[in-house]
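A quick write-up on the structure given underneath.
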Amino acid sequence: MTDRLMALAHNPLTRGLVRALGLPQPTPLARARGGWSARPFVDQVMAVGGVTEGFALRHAREALAEGGATVLASQAELGGRDVHGVVFDATGLGGPGALRALHDFFHPLVPRLARNARVTVLASLPEEAESPAAAAASRGVEGFVRSLAKEVGRRGVTANLVYVARGAETRLAGPVRFFCGVESTYVSGQAVRLSTGVRAPATPPLHQALAGKVALVTGAARGIGAATAERLAQEGARVVCLDVAALEDAVKATAARVGGEALVLDVTAPEAPARLVAALKERHGGVDIVVHNAGITRDRTLAKMTPEQWDAVLAVNLAAIVAADDALLASGALRDEGRLVYLSSISGVAGNFGQTNYATSKAALIGYVAALAPGLSSRGISANAVAPGFIETAMVDKMPLMTREVGRRLNALSQGGQPRDVAELVTFLASPGAYGVTGNTIRVCGQGLIGA
Ligand code: NAD
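Using the working numbering, read the sequence shown as starting at 88 and increasing by one per residue.
Shown next as structure tokens:
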């Protein structure tokens with residue numbers, strides 16, 4: 088799907104006209120092509136600071152330095168250079184007065200942020216604060232980050248918050264790499280919770296992070312599912328690509344492209360859970376990563392929606408997922424240190440006109456991961472949902488022109504995301520290094536105004 092405004096805004100012949108008409112001039116987003124590198128931050132200048140010289144700051148700084156970044160100890164070292172990333176540790180906030188540190192640190196840095204720079208702020212969990220005043224300060228950071236993200240988005244800059252539970256500081260390396268890296272290009276204005284529950288894996292690999300892992304991606308024939316299969320395979324996973332018989336050729340093509348295998352199955356079929364378990368156990372002895380991506384829409388206002396339209400959406404988007412998980416867990420097919428990822432939607436966060444059925448199913452997944460995750464932690468398994476916003480897929484192609492154009496611009500980055508952007512977030516959550524992240528729903532929506 089072509090973004091014509093983006094093309095016009097960056098064509099020397101039409102750039103002036105776009106500016107004169109006051110139209111948004113979105114910054115082309117930086118995107119990776121290949122897999123993760125062990126040293127992604129070589130040649131990048133990162134400014135790091137904190138309310139105090141805390142434990143979280145130390146771990147974040149180490150992660151950046153290990154990734155090859157030039158980490159500045161103070162802003163005075165910046166000289167005439169731009170910053171490619173900023174990490175600020177606000178975990179030491181004792182009360183409202185301490186919030187001034189955010190202004191003091193960021194005020195001089197904002198004009199120095201390079202295009203596509205990354206801002207990551209760390210805060211303590213408000214419910215773990217020692218006083219209501221400290222809890223207020225921690226929670227205040229979320230408002231700061233979400234607002235800053237809106238101010239800097241036009242330059243392709245993203246800003247995200249990581250709430251760090253007490254004891255979870257040692258789990259920061261993976262999230263810091265992701266949120267400071269090019270891969271988080273369409274994730275902005277998010278607040279992610281890092282917790283201690285999930286058993287830690289052996290030292291997480293920084294390159295070919297999924298080598299030796301078996302992944303199942305449902306709905307892998309096209310769109311986000313195909314991009315996810317490709318991305319997981321790039322990190323070394325063996326991918327089982329599932330889709331319906333009507334798309335058999337397409338799902339076989341995805342499987343061939345990623346060096347994986349196709350599984351033709353309707354996830355709503357009564358025998359689907361058992362067939363899934365059998366296929367994974369017989370061919371691979373089990374599965375490590377499950378991406379529940381298959382989903383459908385049957386949009387209608389509630390007054391006009393038939394019971395069949397309601398049932399079809401709830402069956403694919405929710406009931407089939409729960410049934411598959413029940414079978415994967417009961418049979419032991421899902422291995423220890425497994426990763427479960429679910430495709431929710433911003434419709435599930437905010438609701439959407441004509442989507443009572445779809446939004447119900449997608450909101451249900453948000454509740455499902457939160458309830459499912461704690462029970463799986465002791466086995467080292469995590470469960471998270473990803474909520475895409477406006478992603479340029481075939482689904483979007485069918486929208487009327489104006490709806491499409493409005494949907495595309497109503498976010499801090501003024502553009503739609505690519506299937507790969509969603510796949511990047513899924514891949515991060517599927518990786519061993521994401522073991523601190525569980526029970527979360529993370530939006531990949533360029534900080535869409537809908538559901539904000
Ligand atoms: P898509 O329609 O291009 O792909 C969905 C895939 O799921 C298709 O290949 C389809 O055949 C498969 N599928 C549907 N029913 C199935 C069944 N019963 N059994 C097996 N496979 C089945 O959609 P997409 O845009 O790539 O979206 C992927 C996921 O992301 C969906 O869950 C969707 O709800 C969610 N999502 C997409 C967007 C977006 O902007 N594209 C936004 C929010 C959420």
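Beta carbons are placed, not taken as given, at the ideal position from N, Cα and C, and that holds for glycine.
Since the model is a prediction, treat every value here as computed from it, not as a measurement.
For residue i, count neighbouring C-beta atoms within 10 Å of its own C-beta (all shown protein chains included) and say buried if the count is 16 or more, exposed if not.
i, result
"Ala160", "exposed"
"Ala390", "exposed"
"Ser431", "buried"
"Pro127", "buried"
"Phe515", "buried"
"Asp336", "exposed"
"Lys485", "exposed"
"Ala481", "exposed"
"Glu424", "buried"
"Asp330", "buried"
"Pro99", "exposed"
"Val338", "buried"
"Phe192", "buried"
"Leu367", "buried"
"Val129", "exposed"
"Ser218", "exposed"
"Pro394", "exposed"
"Met93", "buried"
"Arg91", "exposed"
"Phe440", "exposed"
"Gly346", "exposed"
"Glu479", "buried"
"Arg168", "exposed"
"Leu190", "Residue identity check: residue 190 is His in the sequence provided, not Leu. His190 should be labelled exposed."
"Asp412", "buried"
"Ala96", "buried"
"His194", "exposed"
"Leu209", "buried"
"Gly254", "exposed"
"Pro262", "buried"
"His171", "buried"
"Glu140", "exposed"
What are the residues that DSSP puts in a beta bridge with residue i?
i, result
"Pro475", "Val531"
"Leu363", "DSSP output for Leu363 lists no bridge partner at all."
"Ile376", "Ala302 and Arg426"
"Met133", "Val158 and Gly172"
"Arg325", "Val301"
"Glu317", "The partner list for Glu317 (beta bridge, DSSP) is empty, contrary to what the question assumes."
"Arg280", "Tyr250"
"Leu350", "Leu329"
"Gly504", "Ile478"
"Ala177", "Ala210"
"Val269", "In DSSP, Val269 forms no bridge with anything."
"Ala470", "Leu427"
"Asn498", "Gly535"
"Val524", "Leu281"
Give the C-beta separation of residue i and residue j to the nearest angstrom, bearing in mind that I take them to be a contact with Cβ-Cβ under 8 Å.
i, j, result
"Gly533", "Gly494", "About 11 Å; that fails the 8 Å criterion."
"Ala222", "Glu214", "7 Å"
"Ile453", "Gly435", "6 Å"
"Asp176", "Val132", "Not confirmed; about 18 Å, so no contact."
"Val354", "Thr305", "6 Å"
"Tyr445", "Asn404", "7 Å"
"Val249", "Leu281", "6 Å"
"Ser211", "Ser225", "5 Å"
So is residue i in contact with chain B if we call contact Cβ pairs under 8 Å?
i, result
"Thr341", "Reference to chain B is not applicable here, since this structure consists of a single protein chain."
Taking 7 Å as the cut-off, is the C-beta of residue i nearer than that to any heavy atom in ligand 2?
i, result
"Ala481", "In terms of ligand content, the structure shown lacks ligand 2 and carries ligand 1 instead."
Within the stretch 194–250, note down every full alpha helix (DSSP H) run reaching 4 residues or more, in order along the chain. 219–239
Could you tell me whether the stretch 505–523 touches the stretch 447–462, where touching means 3 or more Cβ pairs closer than 8 Å? no
For the structure I just gave you, are there three or more beta carbon pairs, one from the stretch 497–510 and one from the stretch 236–247, closer than 8 Å? yes
Taking contact to mean 3 or more Cβ pairs, one atom from each stretch, closer than 8 Å, check whether the stretch 296–303 and the stretch 314–324 are in contact. yes
List in chain order: all unbroken beta strand (DSSP E) runs of 3+ residues lying wholly within the stretch 387–423. none
Does the stretch 304–315 come into contact with the stretch 262–282, if we say contact requires no fewer than three beta-carbon pairs (one atom in each stretch) closer than 8 Å? no
Given 8 Å, three or more beta-carbon pairs between the stretch 364–380 and the stretch 423–438: yes
Using 8 Å as the Cβ pair cut-off and three pairs as the minimum, do the stretch 285–293 and the stretch 171–190 touch? no
Quick check: the stretch 146–154 against the stretch 178–187, are there 3 or more CB pairs under 8 Å? no
Three or more C-beta pairs below 8 Å linking the stretch 138–147 and the stretch 115–122: no
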